[in-house]
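**Student:** Below is a structure I'd like to ask you about.
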Amino acid sequence: MSRALPGLTLDELEHELGSRTRALEALKWLWSQRPLAAALPEAIPEVSHRVWKPFAARTGLTLPTVAQRLESPDGTTKYALDFSGTQVETVRIPAKGRSTICISSQAGCTRKCVFCATKELGFIRQLKAEEMVAQFMVARAEAPVEAPASNVVFMGMGEPFDNLDEVLRAVNVLTQSPAPQLRAVSVTVSTSGVLPGLQRFLAESKASLALSLNATTDEVRTQVMPQNKTWPIASLLGELRADAVRTKGKRQTFVEYVLFGGLNDTDDDADRLVQLLAGIPSRVNLIPYNPYPGTGLRTPSEEQVRRFHQRVVDQGVLCLVRWPRGREIAAACGQLVRSTSGEGFSPSEVDGAL
Ligand code: SF4
48 MSRALPGLTL
58 DELEHELGSR
68 TRALEALKWL
78 WSQRPLAAAL
88 PEAIPEVSHR
98 VWKPFAARTG
108 LTLPTVAQRL
118 ESPDGTTKYA
128 LDFSGTQVET
138 VRIPAKGRST
148 ICISSQAGCT
158 RKCVFCATKE
168 LGFIRQLKAE
178 EMVAQFMVAR
188 AEAPVEAPAS
198 NVVFMGMGEP
208 FDNLDEVLRA
218 VNVLTQSPAP
228 QLRAVSVTVS
238 TSGVLPGLQR
248 FLAESKASLA
258 LSLNATTDEV
268 RTQVMPQNKT
278 WPIASLLGEL
288 RADAVRTKGK
298 RQTFVEYVLF
308 GGLNDTDDDA
318 DRLVQLLAGI
328 PSRVNLIPYN
338 PYPGTGLRTP
348 SEEQVRRFHQ
358 RVVDQGVLCL
368 VRWPRGREIA
378 AACGQLVRST
388 SGEGFSPSEV
398 DGAL
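Numbered as in the numbering used here, the sequence shown ends at 401 without a single skipped number.
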């Protein structure tokens, strides 16, 4: 059986269907379904039954069922999507004129970031590219007309660079013409800082990048992200600096910085952050931490968040505060699936390059 239709590139479709015209018709059908079909149909317009039938028999659609759907008053909608017994999380975040879809790249995660609910699930399995694209399709289908789904962030469950072949394929499919034709700059892949994957991604993709930094010293970063022992701050930022030179600063780069009260939110941290980012054209997203039980980490005061932000901005770094959204629906990754599996959750924010 070949890959399911949502994971195929246009060139692969052409190979499968024997002509570019048929491949384009298949893509047109895939991205214009309203409502989404449960399975591939017997026939689609402009493709002969003789060609379509054997193709449909060896491929599939792999759209998930919606196990749970929670909508917050601000319109942020979180889905627990079920792919044949494996549940993952997807979030749709509306903004003025556009919606951003936050998708998962793995079910669970092998990384051990102490502030993250997903790690509690352990690692279940890698997601295929078609399952990532299918998450986008489900959330896109519900986006309001005035806020179409034009942006994707790989910031849901999982470390994208631990499943990089499939993530790169999903990025290629999402950005291919004629559909869905997202702009590469509108697709952001977020990493906790897996150096080999980071190097390959920067070499092979034009998509935007978000690095989850969260500390300004190796000591503190290792405390909240143990993998920092293997790939310390300087090694990660060195790659971003080299990429900025190589791409002439053209890549959209975000630095995610979750602020933990009393741990990484001091004036010295703000100053060090500015120094660390010298030579890296980027935008810092400050995310006040919303705790869930057992981490020992706490939320900074609003006053400290504003002070940190101002100190960074005053030194010439582009920096935004991402106040929590979707609190009512446990919108931080891992929390909904944990809740549906009876483990309980506390609400937090969807972070990221939104
Ligand atoms: S923050 Fe990301 S990389 Fe870290 S444990 Fe959670 S899902 Fe994995």
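Glycine included, every Cβ here is placed at the ideal spot set by N, Cα and C.
#1: Helix, strand or coil, according to DSSP, for residue 51 in the structure here?
#2: So which residues put a beta carbon under 5 Å from any heavy atom of the ligand SF4, going in chain order?
#3: Taking a contact to mean a Cβ-Cβ separation below 7 Å, would you say residue 255 touches residue 232 in this structure?
#4: With H, G and I counted as helix, E and B as strand and the rest as coil, what does DSSP make of residue 94?
#5: According to DSSP, is residue 175 helix, strand or coil?
#6: Would you list, in sequence order, the uninterrupted beta strand (DSSP E) runs of no fewer than 3 residues that lie entirely inside the segment 81 to 151?
#7: Which whole-angstrom value is the C-beta distance of residue 200 and residue 221, which I expect to be below 8 Å?
#8: In whole angstroms, what separates the C-alpha of residue 243 from that of residue 137?
#9: If you follow the alpha helix (DSSP H) that residue 275 is part of, which residue opens it and which one closes it?
#10: Do residue 285 and residue 328 have their CB atoms nearer than 7 Å?
#11: Could you give the residue range of the beta strand (DSSP E) that holds residue 244?
#12: With DSSP run on the structure shown, which of helix, strand or coil describes residue 310?
#13: Pop quiz: residue 141 and residue 194 are said to be a contact at Cβ under 8 Å. What is the actual Cβ separation, rounded to whole angstroms?
#14: Would you call residue 175 buried or exposed, if buried means 16 or more other Cβ atoms sit within 10 Å of its Cβ?
**Tutor:** Concretely, from the data shown:
#1: Start at 1 with the first residue of the sequence shown, and residue 51 comes out as number 4. Correct three-state label for residue 51: coil.
#2: Taking each Cβ in turn, the ones that pass are 156, 158, 160, 163, 165, 166, 206, 239.
#3: Here residue 255 corresponds to residue number 208 of the sequence shown, with the count starting at 1. Here residue 232 corresponds to residue number 185 of the sequence shown, with the count starting at 1. With respect to the 7 Å criterion, residue 255 and residue 232 are classified as neighbours on the basis of their beta carbons.
#4: By 1-based counting over the sequence shown, the position of residue 94 is 47. In the structure shown, residue 94 sits in coil (DSSP, three-state: anything other than H, G, I, E or B).
#5: The sequence position of residue 175 within the sequence shown is 128, counting from 1. The answer is coil: DSSP assigns residue 175 none of H, G, I, E or B.
#6: For the segment 81 to 151, whole beta strand (DSSP E) runs of length 3 or above, ordered along the chain, are 112 to 118, 124 to 130, 133 to 142, 145 to 149.
#7: Locating residue 200 in the sequence shown gives position 153, where the first residue counts as 1. Locating residue 221 in the sequence shown gives position 174, where the first residue counts as 1. Between residue 221 and residue 200 the Cβ distance is about 11 Å, and since that is not below 8 Å, they are no contact.
#8: Numbered from 1 along the sequence shown, position 196 holds the residue referred to as residue 243. Numbered from 1 along the sequence shown, position 90 holds the residue referred to as residue 137. Going by C-alpha positions, residue 243 is about 26 Å away from residue 137.
#9: By one-based count along the sequence shown, residue 275 stands at place 228. Element bounds for residue 275: n/a, residue is neither H nor E.
#10: One-based indexing of the sequence shown puts residue 285 at position 238. One-based indexing of the sequence shown puts residue 328 at position 281. The Cβ-Cβ distance between residue 285 and residue 328 does not fall below 7 Å.
#11: Indexing the sequence shown from 1 puts residue 244 at position 197. Element bounds for residue 244: not the beta strand (DSSP E) but the alpha helix (DSSP H), 242 to 251.
#12: Against the sequence shown, residue 310 aligns to sequence position 263. Residue 310 sits in coil when the DSSP states are folded into three classes, being neither helix nor strand.
#13: In the sequence shown, counting from the first residue as 1, residue 141 sits at position 94. In the sequence shown, counting from the first residue as 1, residue 194 sits at position 147. Residue 141 to residue 194, Cβ: 5 Å. Contact.
#14: The sequence position of residue 175 within the sequence shown is 128, counting from 1. A residue is called buried once 16 or more other Cβ atoms fall within 10 Å of its Cβ, and residue 175 is buried on that count.
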